Amino acid sequence: MTGTGFGDLFTRLFDDAALFPPGNAPMAVAVPAWLRRQGDLVGPFVLPAARLAEVGAHLGTDGPPLEIALTTAPADLPAAVDAIRRNPALRLVAVETTVAVDAAQARSAVRTMADSLPPELPTAIEVPRTDSRDEVLDVLAGTGCRAKLRTGGLRVDLFPSPAELAGTIRACAERGVAFKCTAGLHHAIRHTDPATGFDHHGFLNVLLAADDPDSAEVQLRRTDAVAVSAELRDWSPSRAARARSVFTSFGTCDVADPVHDLVQLGLLPERITV
Numbered sequence: 006m007t008g009t010g011f012g013d014l015f016t017r018l019f020d021d022a023a024l025f026p027p028g029n030a031p032m033a034v035a036v037p038a039w040l041r042r043q044g045d046l047v048g049p050f051v052l053p054a055a056r057l058a059e060v061g062a063h064l065g066t067d068g069p070p071l072e073i074a075l076t077t078a079p080a081d082l083p084a085a086v087d088a089i090r091r092n093p094a095l096r097l098v099a100v101e102t103t104v105a106v107d108a109a110q111a112r113s114a115v116r117t118m119a120d121s122l123p124p125e126l127p128t129a130i131e132v133p134r135t136d137s138r139d140e141v142l143d144v145l146a147g148t149g150c151r152a153k154l155r156t157g158g159l160r161v162d163l164f165p166s167p168a169e170l171a172g173t174i175r176a177c178a179e180r181g182v183a184f185k186c187t188a189g190l191h192h193a194i195r196h197t198d199p200a201t202g203f204d205h206h207g208f209l210n211v212l213l214a215a216d217d218p219d220s221a222e223v224q225l226r227r228t229d230a231v232a233v234s235a236e237l238r239d240w241s242p243s244r245a246a247r248a249r250s251v252f253t254s255f256g257t258c259d260v261a262d263p264v265h266d267l268v269q270l271g272l273l274p275e276r277i278t279v
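My numbering applies: residue 6 is where the sequence shown begins, and numbers increase by one.
So, in structure tokens, the structure goes:
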């Protein structure tokens, strides 16, 4: 990159969601794989609170702790946090709660997290894809809590259109709410999955939309990988930092796929592996 050092733009962009579909990695495979990874690209291990009891059997006594991004219903948060705190081989680094269907649920989730977590811990609440979206984002504004945006799944209806996702990104920007994404961002550039026929958003498209919300829909529809990568190479460090302060990370069931894409586009050096 010209202005941005390798990795600055992508540091901890890829949350390790190996347990989730379509990857569905066994815990016995997913935990050791995260613990073996080195470097700054991969973020925390995304773990549902319901599977917390399974983790212990796959942790060693030496080495760094397993950094966890906990996904949970707000009601289950206090017990899960207590269990993590009692295990020195685990370290809680983020919390994501289930979708808040309206402002009342969002306010309740924000209160629960404030009561259960240190103020500096990153948190996110999944935003509904309904008319209640804006009222939930209104609750998040000014709290430091991020929005969690669904960008795909196992059914075609779980993929928001470019127009819908662009509208949500603009709504976040208008309120100063950072966001992370979950599901569907398997590759760098917008594409059609040949196996399912589903149109997938690209994570670089989302990054460009976060950088310029006013043109978000245009950015999300782009498929010109060479032009996109050329633009990103010219970003300054301050521009990269600003975009990443808006789009903080996304969960991916195979962190090797997005990293491979970045290597192929010349945005990461070939020696990079995960």
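Just so it is clear, CB atoms sit at the ideal spot from N, CA and C, and this is done for glycine as well. No experiment lies behind these values; they were computed from the predicted model shown.
Could you have a look at Gly44 and say whether DSSP puts it in helix, strand or coil?
Looking up residue 44 in the sequence shown gives position 39. DSSP places Gly44 in coil when its eight states are reduced to three.
Check whether the stretch 72-81 and the stretch 38-52 touch, using three or more Cβ-Cβ pairs below 8 Å as the test.
yes
Decide if Val34 is buried, meaning its Cβ has at least 16 other Cβ atoms within 10 Å, or exposed.
Here residue 34 corresponds to residue number 29 of the sequence shown, with the count starting at 1. Exposed, by the Cβ-count rule.
Whole angstroms are fine: how far does the CA of Thr117 sit from the CA of Ala80?
In the sequence shown, residue 80 corresponds to position 75, counting from 1. In the sequence shown, residue 117 corresponds to position 112, counting from 1. When rounded, the distance between both Cα atoms is 8 Å.
Excluding the 5 residues preceding and the 5 following Leu95 in the sequence, name in chain order all residues of the same chain whose CB lies nearer than 8 Å to its CB.
Taking the first residue of the sequence shown as 1, we reach residue 95 at position 90. Once the five neighbours on either side are set aside, the close Cβ partners of Leu95 are Val60, Leu64, Pro70, Leu71, Ile73 and Ile89.
Straight-line gap, Val115 to Ala214 (C-alpha atoms, nearest Å)
Taking the first residue of the sequence shown as position 1, residue 115 is located at position 110. Taking the first residue of the sequence shown as position 1, residue 214 is located at position 209. Val115 and Ala214: Cα-Cα distance of roughly 27 Å.
Report buried or exposed for Val260, applying the criterion of at least 16 other Cβ atoms within 10 angstroms of its Cβ.
The residue you call residue 260 lines up with position 255 of the sequence shown. Answer is buried; the Cβ neighbour count reaches 16.
Where does Cys186 sit, in a helix, a strand or coil, going by DSSP?
Here the question's residue 186 lines up with position 181 in the sequence shown. Three-state DSSP puts Cys186 in a strand.
C-beta atoms of Leu190 and Ser234 nearer than 7 Å
Numbered from its first residue, the sequence shown carries residue 190 at position 185. Numbered from its first residue, the sequence shown carries residue 234 at position 229. Result no, Cβ atoms of Leu190 and Ser234 do not sit closer than 7 Å.
Does DSSP put Val98 in a helix, in a strand, or in coil?
Position 93 of the sequence shown holds residue 98. Strand.
List in chain order: all unbroken beta strand (DSSP E) runs of 3+ residues lying wholly within the stretch 165-236.
184-187
Classify Pro37 as helix, strand or coil using the three-state DSSP reduction.
Locating residue 37 in the sequence shown gives position 32, where the first residue counts as 1. Pro37 falls in the helix class under three-state DSSP.
How about the stretch 149-160 and the stretch 232-246: do they share at least three Cβ pairs that are nearer than 8 Å?
no
In or out: Ser241 buried (at least 16 other Cβ within 10 Å) or exposed?
Residue 241 sits at position 236 when you count from the first residue of the sequence shown. By the neighbour-count rule (16 or more Cβ atoms within 10 Å), Ser241 is not buried but exposed.
Mapping the DSSP letters down to three states, classify Val106 as helix, strand or coil.
Residue mapping note: residue 106 aligns to position 101 of the sequence shown, counting from 1. It is coil, neither helix nor strand.
Option nearest Pro27 by Cα separation, candidates Asp143, Ala246, Pro127 and Thr201:
Counting from one through the sequence shown, the residue named residue 27 turns up at place 22. Nearest of Asp143, Ala246, Pro127 and Thr201 to Pro27, Cα basis: Thr201.
Whole angstroms is fine: what's the gap from Gly8's alpha carbon to Ala109's?
Within the sequence shown, residue 8 is the residue found at index 3, counting from 1. Within the sequence shown, residue 109 is the residue found at index 104, counting from 1. Bear in mind that the predicted position of Gly8 carries a pLDDT of just 40, short of 50, making it unreliable; the figure below should be weighed with that in mind. Looking at the two C-alpha atoms, the distance is approximately 44 Å.
Span of the alpha helix (DSSP H) holding Ala85?
As a position in the sequence shown, residue 85 is number 80, starting the count at 1. Residues Leu82 to Arg90.
Rounded to whole angstroms, what's the CA-CA distance from Arg195 to Asp120? Just pull it up for me.
Locating residue 195 in the sequence shown gives position 190, where the first residue counts as 1. Locating residue 120 in the sequence shown gives position 115, where the first residue counts as 1. So the two alpha carbons sit approximately 40 Å from each other.
Using 8 Å as the Cβ pair cut-off and three pairs as the minimum, do the stretch 164-181 and the stretch 122-131 touch?
no
Could you tell me the alpha carbon to alpha carbon distance between Glu101 and Glu125, rounded to whole angstroms?
The sequence position of residue 101 within the sequence shown is 96, counting from 1. The sequence position of residue 125 within the sequence shown is 120, counting from 1. Distance between the alpha carbons of Glu101 and Glu125 is about 14 Å.
In chain order, what residues of the same chain have a beta carbon less than 7 Å from the beta carbon of Arg227, not counting five sequence neighbours either side?
If you number the sequence shown from 1, residue 227 lands on position 222. Excluding positions up to five away in sequence, the list reads Arg195, Asn210 and Val233.
How is Asp239 classed by DSSP in three states: helix, strand or coil?
Here residue 239 refers to the residue found at position 234 of the sequence shown. Of the three classes helix, strand and coil, the one that applies to Asp239 here is coil, per DSSP.
Let me know if Pro93 comes out buried or exposed under the rule of 16 or more other beta-carbons within 10 Å of its beta-carbon.
Counting from 1 along the sequence shown, the entry for residue 93 is found at position 88. Exposed, by the Cβ-count rule.
What are the start and end residues of the beta strand (DSSP E) that includes Ala129?
Along the sequence shown, one-based indexing puts residue 129 at 124. Its beta strand (DSSP E) spans residues Thr128 to Glu131.
Endpoints, alpha helix (DSSP H) assigned at Ala23:
Translated into the one-based positions of the sequence shown, residue 23 becomes position 18. Here Ala23 belongs to no alpha helix (DSSP H), and DSSP marks it neither H nor E.
Helix, strand or coil: how does DSSP classify Arg160 here?
As a position in the sequence shown, residue 160 is number 155, starting the count at 1. If DSSP states are grouped into helix, strand and coil, Arg160 belongs with coil.
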